[in-house]
Every structure is written in structure tokens, then in C-alpha cells.
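There are 2 protein chains.
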Amino acid sequence: MILKSQVEWALHCCAILAGLPEGRYLSTKALAELHGLPKEYLSKALQSLSQASLVETTLGPSGGYRLAKTPSDINFLEIAEAVEGKARSFTCTNIRANNPCRPEGYCDSKPCAVARIMWEADEAWRDTLRRVRLSDLVSTLSEEVPADIWRSTFEWVLKRAG
Amino acid sequence: MILKSQVEWALHCCAILAGLPEGRYLSTKALAELHGLPKEYLSKALQSLSQASLVETTLGPSGGYRLAKTPSDINFLEIAEAVEGKARSFTCTNIRANNPCRPEGYCDSKPCAVARIMWEADEAWRDTLRRVRLSDLVSTLSEEVPADIWRSTFEWVLKRAG
DNA sequence: GGAATTAAGGACATATCATATCCGAAAACC
DNA sequence: GGTTTTCGGATATGATATGTCCTTAATTCC
Ligand code: FES
Ligand code: FES
């Protein structure tokens, strides 16, 4: 069970976009340079965010991405699901139905108890991510990242934001 | 993020082994037939359980698998990790280190805030599974599976248990 | 002792998915 | 009109999941 590294990319990109002044856009090129990522591939992750209506885009020079909602209205789960998909991590292939002792055509009334427990764990994972807002991340980062790096990073970003 | 279907297989096999009388073994062949699975491949999952010391084996005719501990001493997480590995679902590739604004040779004191949150969610998933014992599953199944199917299944199993 | 049966594990084949690159179209800016 | 950007499709590559086959060693039964 491995998450795509695109999740890490998307979360870090959103953290940067959250620090952008009202109305400004940041291009894929800048986000890729800032994080040392392949531009073309990072673009796919950003497209996923766009399809999930988490970010807005505009074309042309000075175009790029900005958040579609305020950072306190976006949580980690939305971002993770945008790039990773909403499918549950455990998929039940209903192997209990292969039991040779089951009568012909017998139909289960409930999902299997095994699957229900695995799905409950999945939901616990989702709940944790749902509870963390993008604004919480930005707060933490602004405390933990050394002030001079934090400042120079956003200078770097603003120089490139259209 | 998708779990191997071997997790489903292992959990269902453990549920069956939990119903085995003291000292009896059940072969891969029987477990594969009961669940409609490829014998050779299911064998890999059972080997993983064996390496994790969750089950014991014996060779020869009448050989096979039995639980190494009582069902109340085995939880879902142990079984899942035996098959799926203990690696965390989120891996941080430390893309923050690629920030061109960071001074040469700067070293982070803490893991990235993004990673910490993702790991927290991972831990919530693990906690949920850790809290469910194999004996809990057996209780639920014995209530939910129709009595006649439950009974005939274990007759079927006992006929093949060495 | 010999034949049959079993788990263990290595070698190999295949399918699916993550990762990555490239290109053309449409939109926005100059 | 030329440039820059997002978007989507096509394609290539590597890793992982899935599945099969075969050999070896241990155990049971005759
Ligand atoms: S049949 Fe799929 S989890 Fe039980
Ligand atoms: S650098 Fe890996 S999660 Fe932030």
C-alpha cells in the first residue's frame, strides 16, 4: 500500500499557493523548479487538483495556478483524494462466495465482516486527513521553517507569480 | 494506494484456522479450495504469515498450517503487516530540500510537517487494525454467517484437517 | 526402506500501475 | 502574430502485484 509521490507534491504546492497574494497565479514551471520536480509530470498532479476544483487556472504568460478556496476551507483529504483517487485502499473480491459449502445462488445480506473492518480503518485514515486544514499546515510551516528561508522563498515565488 | 488482495486471503484463512481444533493442521490445498484461490500463490501469503510467526507448519501428508497463538492474541494489523509489509503508506522524498532558496548544506532538524501529518493518518489506520483481534472477527462471523453454512464449512474443513 | 504428500523458496512470465516524456490544441498576453 | 501557458492524449519505462512452475527437504504412511 504505497501512496503516489504526487500526494507529497500536491500538498507542498498547495502550501505555496496558500501564501500567494490575492489574485496572483503561479506557473507549473515555477512550482517544479521550487521543488526540483519534472515539470511535465508535476503538471498532471496540478491538473488533478484543478479537476477537483481545489485550484483555479488561467492561461497565457503570467498564467498558472491559484487556490480556488481559502486555505482554511481545504483539507488534506481533498488534496490527497484529488491525486490519489477516492477508491478505498482495501478491495473485497468476495472470496467467501467461493465456499463450496454455500447453497447454490445464496446471496449475502451484508458486506463481509473482514471488509467492514478494513474499511473502518480506511475511514480512520481519511478522518485524520479530513481534520487537518491547509491553513493548519501553513501555520506549522511558518513556525518551523527558519524565518529567512521562509521569507526568501516567498520573495522567489513573488518574482515569478503572474 | 491499494492493498494486495493477499490481505483479504490471509485474514479469511486465519479465521478458518482459528476454528480448527487444538493440534490439527490444514493444508494450503484445502484453504485454496475453500476460498477459490490459486494454490501456489496463496502459498506465498501463508509463507508470509509463517515468517511473521503467526502460524506454525508441519510437513508431510496431514501437514499444513495452524495458528501459533490464540485468536485473541492476534490482531488484524499483525496479519496485514505480515503480508503487506510494515512500510508506511506515505514516503517523504524530501522535496523541500530542493528549494533553491535554502542555504548550501542546510540540514532540517525535524521531519517535514507534511510528512508528519500523513504519518499520523497512517498511524490512525494501524491503530484501528491493532484494536481488532482475530477472536473478534470469529465472533462476528459466527453470528452473521447462517448457522448451517457455518456448520457445514467446518465439517468440510475437519474432513481435510490433518 | 520406499512412495506419497506437504511447506519452503527460487525462477520465471504476465498484467497493472506509477513515473516520466512528448506533442498538439486552445487560450491569454504582448 | 508570436509567445507563453494550461490541458489532454499518446507513448515509453520501471516497479510491483499476480500467477505458474519446479526443486528441495521434511514428514507420514505402507
Ligand atoms: S469476502 Fe472479501 S473480505 Fe470477506
Ligand atoms: S519534504 Fe517530504 S513531505 Fe515535505
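Protein sequence lines, in the order shown, are assigned to chains L and Y.
At position 138 of the first sequence the residue is numbered 503 (this note's numbering), and the sequence of numbers has no breaks.
At position 160 of the second sequence the residue is numbered 525 (this note's numbering), and the sequence of numbers has no breaks.
Backbone N, C-alpha and C define an ideal beta-carbon position, used for all residues, glycine too.
Under a three-way DSSP split, which group does L402(L) fall into?
-> The answer is coil: DSSP assigns L402(L) none of H, G, I, E or B.
Taking the Cβ atom as the reference point for each residue, do E446(L) and A433(L) lie within a distance shorter than 7 Å?
-> Note that the C-beta distance between E446(L) and A433(L) is not below 7 Å.
Using the rule of at least 16 other Cβ atoms within 10 Å of the residue's Cβ for burial, across every protein chain shown, is T518(L) buried or exposed?
-> The C-beta of T518(L) has 16 or more other C-beta atoms within 10 Å across all chains shown, which makes the residue buried.
Should T435(Y) be flagged as near chain L, meaning a C-beta pair shorter than 7 Å?
-> So, not an interface residue.
For K475(L), return the contacting residues in chain Y, with the cut-off set at a CB-CB distance below 9 Å.
-> Neighbours of K475(L) on chain Y, chain order: E509.
Chain L contact residues for A478(Y), given Cβ-Cβ distances below 7 Å | Simply L502, T505, L506, E509.
What are the start and end residues of each continuous beta strand (DSSP E) run of 3 or more residues lying completely inside the segment 413-438 of chain L, in chain order?
-> Correct list: 420-423, 429-432.
Under 7 Å, do I514(L) and C466(Y) count as touching if we go by C-beta distance?
-> Cβ atoms of I514(L) and C466(Y): closer than 7 Å.
DSSP three-state call for N324(Y): helix, strand or coil?
-> The question about residue 324(Y) has no answer here: the residues shown for chain Y are numbered 366 through 527.
Verify the contact flag: V479(Y), CB atom, against every heavy atom of ligand 2, threshold strictly below 6 Å.
-> The answer is yes for V479(Y).
Return yes when the C-beta of C379(L) is under 6 Å from any heavy atom of ligand 2, and no when it is not.
-> Taking the Cβ of C379(L) as the reference point, every heavy atom of ligand 2 lies at 6 Å or farther away.
Own chain, CB closer than 8 Å to G384(L), minus 5 neighbours either side, in chain order = These residues qualify, in order along the chain: V503, F519, V522.
Which same chain residues, not among the five before or five after L376(L), have their C-beta less than 6 Å away from its C-beta?
-> For L376(L), where only same-chain residues beyond five positions count, the Cβ hits under 6 Å are I444.
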